[in-house]
Every structure is written in structure tokens, then in C-alpha cells.
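For the sequence shown, counting from 1, position 16 maps to 42 in this note's numbering; every step adds exactly one.
Here the structure is laid out as C-alpha cells; the discussion comes afterwards.
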Amino acid sequence: MSQARHSGEPSSRSPRAVRDVVFVDGVRTPFGRAGEKGIYAGTRADDLMVKCIRELLRRNPALPAARIDEVAVAATTQTGDQGLTLGRTAALLAGLPRTVPGFAIDRMCAGAMTAVTTTASGIGFGAYDVVIAGGVEHMGNHPMGSGADPNPRFMSERLVDPAALNMGNTAENLHDRFPAITKERTDAYAVASQDKLAAAYANGQIQPDLVPVATLKPGEGWTLNTVDEPPRSGTTLADLAALRTPFRAHGRVTAGNAAGLNDGATAAVLASSDAAAELGLPVRMRLVSYAYAGVEPEVMGIGPVPATEKALKNAGLTIGDIGLFEINEAFAVQVLSFLDHFGISDDDPRVNRYGGAIAVGHPLASSGVRLMNQLARQFEEDPSVRYGITTMCIGLGMGATVIWENPHHRNYATIEGAAA
Numbered sequence: 027m028s029q030a031r032h033s034g035e036p037s038s039r040s041p042r043a044v045r046d047v048v049f050v051d052g053v054r055t056p057f058g059r060a061g062e063k064g065i066y067a068g069t070r071a072d073d074l075m076v077k078c079i080r081e082l083l084r085r086n087p088a089l090p091a092a093r094i095d096e097v098a099v100a101a102t103t104q105t106g107d108q109g110l111t112l113g114r115t116a117a118l119l120a121g122l123p124r125t126v127p128g129f130a131i132d133r134m135c136a137g138a139m140t141a142v143t144t145t146a147s148g149i150g151f152g153a154y155d156v157v158i159a160g161g162v163e164h165m166g167n168h169p170m171g172s173g174a175d176p177n178p179r180f181m182s183e184r185l186v187d188p189a190a191l192n193m194g195n196t197a198e199n200l201h202d203r204f205p206a207i208t209k210e211r212t213d214a215y216a217v218a219s220q221d222k223l224a225a226a227y228a229n230g231q232i233q234p235d236l237v238p239v240a241t242l243k244p245g246e247g248w249t250l251n252t253v254d255e256p257p258r259s260g261t262t263l264a265d266l267a268a269l270r271t272p273f274r275a276h277g278r279v280t281a282g283n284a285a286g287l288n289d290g291a292t293a294a295v296l297a298s299s300d301a302a303a304e305l306g307l308p309v310r311m312r313l314v315s316y317a318y319a320g321v322e323p324e325v326m327g328i329g330p331v332p333a334t335e336k337a338l339k340n341a342g343l344t345i346g347d348i349g350l351f352e353i354n355e356a357f358a359v360q361v362l363s364f365l366d367h368f369g370i371s372d373d374d375p376r377v378n379r380y381g382g383a384i385a386v387g388h389p390l391a392s393s394g395v396r397l398m399n400q401l402a403r404q405f406e407e408d409p410s411v412r413y414g415i416t417t418m419c420i421g422l423g424m425g426a427t428v429i430w431e432n433p434h435h436r437n438y439a440t441i442e443g444a445a446a
């Protein structure tokens, strides 16, 4: 201990400054349908992750691989080809220098989002300059909940409602809590999601962030997968009305107004603003604030509401400051509960401009970076928007929100309240 500290005198060392964190680039594999007929049947999850890491390096030749300080990879089921400290193994498999460390992380659906915010905190603190963060979920190889052994106390001591361990049941519970969110509204929202994704594909807005993945299946040979498998363009309200409600007799949640079971991987490069400038890396977004919140597990879909309120408060912003919303569509009722809370209409043009997970798929831990990719591209297209959010609900009763600033906006990074 120094003499100054020992004597009770203040240290002469200046306070540590928090550094700006920027989103440099993000990519993802095309998302597939889980199961034997899906495009990634027979493909390893870690190989999907490797594709993303290699593509990031290919797209950003100004980034020396040795400058990557950390690789954080999320997976909900961390076993088999999604186990063995996935961030480190994926880094090695991708050919990064052995000096580059890595780790695995799990926050269920918000895994990739947590990988981003955790490493971003390290950048802000000064521990890292450049990181790769992302997530992967191969739900064909690892069905949701496979191998899990919930503690019997959850049930015996009634710590949570039994419905909390089944996400579809939690969505039905959300319908119960908000009866104004009818099945007709959720089906209409789902049809719009399909239509918006189809339009985004037609406009070439999805393809730039996709990593082509070659797969080999016995008897079929090699296939180069360049587009998402889950979308069902042309879906109508009549189509959705005919679907069964698997979670409750005469319920409201169907396979048509919820995300499916999917396989896919995502990854992003984050950096300090100084490191990005030094290396000549693009800046596609600046991280403004983020927050996680807990809610009752049996209505986990409401989680984005308190998480967003918390993130807005941390940033010194209001919901009126947000010009773009990327909300993960685990279930339509979950999105609509968020919109209703903040007084946003179901068809507000600021919300999920390219469609969402109901159409494109939701490979659990990977989805957070997909939201960021889409927001970054929308920022480029619309410099009139200054702030946007990426938000999602999380199993077992949580929500996550990240607020981003558009570097193309005329007031980017200028002083404005607590947000700068």
C-alpha cells in the first residue's frame, strides 16, 4: 500500500475513464429448421460458429487476428458439440492465434446478447480493445431442455409455477394476463412478420450479413446454404387460424405465431472507439446502455418491458427517443405486450422492419446478434434515426435490452443529457 493511501490522503491517480464501445460488424449463418430434415442435420454446432468467425476476419482485413482480445460464445445447451468452453474451442478451430482466449456463456435466449454486453463491459473498463462475441444453438442436435435436471425444489417448494419450465405455457399465461391481446392480433402480427421478411429478402437487406454454409448429407452430396430455411412467405390469416394450439386446449399460441425450433450461429466484432480508429475498422453502432431484469418466470415474455425501462433510465432517454426497435419474436404475444405497454401500435414502422423470429427463426442463444445485425443495417439506411434498441425475453423470467446510437446521425456522439 502506498504511503498516501496508508496515511488516509487521496491517491493522485485520476479516475478510470469508461471507453466508448462500438459495433464493428456482425454476421450469421442462414438459420435452419431443427430436425432430421433441416439443412444442418449432421452438421456440428461448433463448425457453424467457426464459419462466422472466419467470415468476420475475411470481411475485415484491417483487423489482425492477434489483436482479438477475447472470444465469447453463448450456447444454451453446453454439451457435446456445444460444450468444451465453446469460445476457446471455436477460436482454435477458426485458426485464431493460440494467444487469443475464449469462454462460453449461457443466458438462454439472450446468450449472444450477454456475450456482447459482457465483453463490451471489458472494453469499457480497458481490459480489451477488440473482441468477438456471438452465440450458437443447434436445436436439432440439442433439443430445448435436453439433459437438464431441474432441481425438484422448484416444484416441491413451489418456487415457480410449473408453467415456467415450458415457454409455450408462459406465452399462454401472458395472453391470460393481457386479454386484449387476442389470437387474432397475434396471428395478424405473425403474418406481417412473414411479409416484412419476404420484402427484406426481395430488397437484398438480409443477404449481406449471411455466411454461406456448405453441408454434406448422405445420399444428397454437398449443398451450399445461402438463405434462411424457416420463412413461410405467403402465409395468410386463414393458414394460421387452422393451426392447433399445442400448449393448451383452445389456446392462442400456435406454431404460426411463435418462433420455431431452429439451428444457427451468429458473431460480431466489438471494439473500443479508439481501437476502431487506430485499425481503420468501420463503426456501425455505438453502445449507449444495456440492462437485464427479472420477472415472474411464468410470464417470462414480459421481461423486455422492465429491461427497457431500466436501460432507458441508465441512458437518460425516453421511449420517445427510440427510432428503431428490434424485438425478438419468441412469441407474438410477447412482442405485443411490449408494444401495448409503451403505447406503440402493432404495425408501427419502427418495429422489426425486416420481420422477426416468427419468420426467420430463433436458434436460442444466437439470436441477440441477429437483432444487432439488422439494427445496424437499418441505421445505415435511415440516418434520421439516432437511437435504436435490441430487446428480448429470456426463459425462467428475464428480459434484456441494449440501446445503440446511429453513427450516421447528424448529432452522433454529441453531448445530449446523460446519453453521450
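C-beta: ideal position from N, C-alpha, C; glycine also.
Quantities reported herein were computed from a predicted structural model and do not represent experimental measurements.
- Going by DSSP, Asn-340 is part of the alpha helix (DSSP H) stretching over 330-341.
- With 16 or more other Cβ atoms from the protein chains shown falling within 10 Å of its own Cβ, Lys-222 counts as buried.
- DSSP places Ser-410 outside both helix and strand once states are collapsed to three, so it counts as coil.
- DSSP places Ile-131 in the strand class (E or B) of the three-state scheme.
- With fewer than 16 other beta carbons inside 10 angstroms of its own, Lys-339 counts as exposed.
- Excluding the 5 residues flanking it on each side, Asp-213 has same chain C-beta neighbours closer than 7 angstroms at Leu-263, Leu-266, Ala-267, Gly-282 and Asn-283, in chain order.
- DSSP places Ile-345 within a helical segment (H, G or I) once states are collapsed to three.
- Secondary structure note for Met-424: its beta strand (DSSP E) is the uninterrupted segment 424-431.
- The residue from Ala-101, Leu-83, Gly-171 and Tyr-154 with its alpha-carbon nearest to that of Ala-138 is Ala-101.
- Ala-190 and Ser-182 have their C-alpha atoms spaced approximately 14 angstroms apart.
- Sequence-distant Cβ neighbours of Pro-330 in its own chain, meaning closer than 7 angstroms and more than five residues away, are Ile-353, Phe-364, Thr-417, Met-418, Cys-419, Gly-425 and Thr-427.
- Counting only the Cα atoms, Pro-389 lies some 20 angstroms from Pro-323.
- Around the beta carbon of Ser-410, fewer than 16 other beta carbons sit within 10 angstroms, so the residue counts as exposed.
- Taking all protein chains in view, the Cβ of Arg-310 is crowded by 16 or more other Cβ atoms within 10 Å, so the residue is classified as buried.
- A Cβ-Cβ separation of about 17 angstroms leaves Ala-341 out of contact with Ser-299 under the 8 angstroms criterion.
- Scanning Gly-150, Asp-51 and Asn-192 for the CA closest to the CA of Cys-78 turns up Asp-51.
- Counting along the chain, the unbroken alpha helix (DSSP H) around Ala-267 starts and ends at 263-267.
- Put simply, the segment 45-63 touches the segment 162-174. At least three CB pairs are less than 8 angstroms apart.
- By the Cβ-count criterion, Asn-432 is buried, with 16 or more other Cβ atoms from all chains shown falling within 10 Å of its own Cβ.
- In summary, Phe-357 is buried, with 16 or more beta-carbon neighbours lying within 10 Å of its beta-carbon over all protein chains present.
- Residues of the same chain with a CB within less than 6 angstroms of the CB of Ile-328, apart from the 5 flanking positions on each side, are Val-321 and Ser-363 in chain order.
- For the set Val-47, Gly-423, Val-186 and Ala-385, the Cα lying nearest the Cα of Gly-152 is the one of Val-47.
- Between Val-157 and Thr-145, the C-beta gap is smaller than 7 angstroms, which places the two residues in contact.
- When C-beta atoms of the segment 376-395 are compared with those of the segment 243-260, three or more pairs fall below 8 angstroms, so the two segments count as touching.
- Residue environment: Asn-437 is assigned as exposed (fewer than 16 neighbouring CB atoms within 10 Å of its CB, all protein chains considered).
- Judged by DSSP secondary structure, Leu-242 falls within the beta strand (DSSP E) whose first and last residues are 239-243.
- Remark: C-beta atoms of Ile-232 and Ala-225 do not approach each other more closely than 7 angstroms.
- When the beta-carbon positions are compared, Leu-82 and Ala-293 come within less than 7 angstroms of each other.
- Judged by their CB atoms, Val-76 and Ala-117 are not nearer to each other than the 7 angstroms cut-off.
- Counting every other CB atom within 10 Å of its CB across the protein chains shown gives Thr-280 a total of 16 or more, marking it as buried.
- DSSP places Tyr-215 in the uninterrupted alpha helix (DSSP H) bounded by 209-228.
- DSSP places Val-321 in the coil class of the three-state scheme, outside both helix and strand.
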